[in-house]
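Engineer: Please read through the structure below; I'll follow up with questions.
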Amino acid sequence: MPESTRSSLDSIPVSLAPFFQEYDLASLDPERSANTIIERVLQWGNRLEIRWLFHVYPPQRVAAWVKRWGKEILPEPHLTFWRLVLDIPEIS
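Residue 644 is where the sequence shown starts when you use the numbering used here, and the numbers rise one by one after that.
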């Protein structure tokens, strides 16, 4: 990932700043803020940012988030796309 896109592996890519306007990007901890980070990247991230997401969080963690929160938070077609990518059956 280009250096201009991220400040370090565990920090949130600077390119995601517009989607975290209410937060201090440097203060967001990838572990403590995982739900918020996963939500924003799944909904708004580009390919490099999504690659970063799956480098920081294992696919099982992202899939667990989609199963728990996807139907409430992700709009269509995002929910269907991530269900297909992560091989998650229909969410009731």
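Built from N, CA and C at the ideal position, the CB exists for glycine as well.
#1: Where does Gly688 sit, in a helix, a strand or coil, going by DSSP?
#2: Which class does Arg683 belong to by DSSP, given the choice of helix, strand or coil?
#3: According to the neighbour-count rule (16 or more other Cβ atoms, all chains shown, within 10 Å of its Cβ), is Phe662 buried or exposed?
#4: Identify whether Gln703 lies in helix, strand or coil by the three-state DSSP scheme.
#5: Quick one: using the 10 Å Cβ neighbour count with 16 as the cut-off for buried, is Glu692 buried or exposed?
Structural biologist: Short version:
#1: coil
#2: Correct three-state label for Arg683: helix.
#3: buried
#4: helix
#5: Buried, by the Cβ-count rule.
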